[in-house]
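What follows is a set of notes on a single structure, which appears directly below.
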Amino acid sequence: MKIFRTAEELNNVLQDHRSNGDRIGFVPTMGALHSGHASLIEEAKSKCDRVVCSIFVNPTQFNDPGDLEKYPRRPEQDISVLEAHECDFLFYPSVEDVYPEGMDYRLDFELGYLDETMEGKFRPGHFQGVAQVVYQLLSIVEPTHLFMGMKDFQQLAVVDKMIRDMELPVKLIPCDTVREPDGLAMSSRNLRLSREMRASASVLYETLQMVKIWVLKFNPEQVTQMAIEKIRQKGLKPEYFELVDPQTLLPIHKVHPPMVVVACVAAYADEVRLIDNMVIKA
Ligand code: AMP
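Each number in the numbering used here corresponds to the 1-based position in the sequence shown with 3 added.
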C-alpha cells in the first residue's frame, strides 16, 4: 500500500489511473479502524480497480472539542488493517492539506431538514462539517465510487444530498453495518466504554430488534416510549429514538405495511455517545 501525506502526491499517482479509465473506490474514515471500516474496503475492492482510503480526524465536524481531543488515533494499527485488506492507497493528510484556504472558509451546504432532526438537532454544525470534509476529499481524490456505512444513516442522507446538489460525478454506495457478536454496532468509540457499559451497550441492538415486532402492534409514539424505557433500564441515557422515513427522515406517525421505516437511536453510555439504526420492512 502506498501512503500519501499530501494531495499533490496522491494526485500524481491517481492521474494515471483516471486516464486509464479505472474505477476508483474511495473510503473516507477518521481512523481507529475496525472490521466495519474493513468491510467498506472489501466492498470497494469488489467493485473498483483501485481503492483509496483516507484517515483524517476532521475538526470541523466535532461540535464538542473534548470529543475531538479524545478521538482515538493509532496510525500503525490502522496501516496494518489496511494492508491486510490490500487497500491500494492511503491518504493521510494534514488539516492544511484538506483545508488549504483555512477551516473558516466554508461552503454553505443547503441541508434543510436533514440538518435539523436527530443528529442535526443534538450536534449543531456537525453535518455542515461532514458535508464540507466529504466535499473537500472528493475534490482531491475524484473517485468514481464512494463507500460509506449505513451505521451513520443520517450522514449517508446528507452526503447523498450534497453529491446531488453539487452535481458531483461519483456513485455513493451504502454498506451494511458490521456488528460485534452481541449486536453492538462496531464503532471507534466502543474502545472508550468501561467493561460494564460495554456489556450494557448491546441493549441498543436488542431494542432495535424488538422494534421490528413492536411496530406491527403499537403506534410509533408507544414504540418510542417502549424503546427509550428499555434502553434506560440498562443504564444508558437515550438522547433520541425516532421512527423515520428512509428518504426524507421525517417522523413516521403511522406504520401501515408494506412500508419501510428506519429506527434511529442515540444514547450515552456514561460519557460515550453511541448511535445505531435499523431499516425495518414493516
Ligand atoms: P468513521 O471513521 O467513524 O468516520 O467512519 C468511516 C466510515 O465507516 C463511515 O462511512 C461509517 O459509516 C463507516 N462505518 C463506521 N462504523 C461502521 C460499521 N460498524 N459498519 C459499517 N460501516 C461502518
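The beta carbon of each residue, even a glycine, is placed where N, CA and C say it ideally should be.
{"Query": "Residue 132: CB within 7 Å of a non-hydrogen atom of the ligand AMP", "Result": "no"}
{"Query": "Close-in-space but distant-in-sequence residues of the same chain around residue 186 (CB under 7 Å, 5 per side omitted)", "Result": "205, 208, 209"}
{"Query": "Per-residue DSSP class, three states only, for residue 53", "Result": "strand"}
{"Query": "Assigned exposure category for residue 168 - 16 Cβ within 10 Å defines buried", "Result": "exposed"}
{"Query": "Assigned exposure category for residue 28 - 16 Cβ within 10 Å defines buried", "Result": "buried"}
{"Query": "For review: beta carbons within less than 6 Å of any heavy atom in the ligand AMP", "Result": "32, 33, 39, 40, 42, 43, 151, 152, 154, 155, 178, 180, 181, 188, 189, 190, 191"}
{"Query": "Neighbourhood of residue 137 by C-beta, 6 Å cutoff - its chain only, sequence neighbours within 5 removed", "Result": "162"}
{"Query": "Limits of the alpha helix (DSSP H) - the one that residue 159 falls within", "Result": "156–168"}
{"Query": "Rounded distance between the beta-carbons of residue 101 and residue 139, thought under 8 Å", "Result": "5 Å"}
{"Query": "N- and C-terminal bounds of the beta strand (DSSP E) containing residue 281", "Result": "275–284"}
{"Query": "Alpha helix (DSSP H) segment containing residue 271, residue limits", "Result": "Unbroken run through residue 271 is the beta strand (DSSP E), 263–272; no alpha helix (DSSP H)."}
{"Query": "Which of helix, strand or coil DSSP assigns to residue 87", "Result": "helix"}
{"Query": "Status (buried if at least 16 other CB within 10 Å, exposed otherwise) for residue 256", "Result": "exposed"}
{"Query": "As assigned by DSSP and simplified to three states, the class of residue 8", "Result": "coil"}
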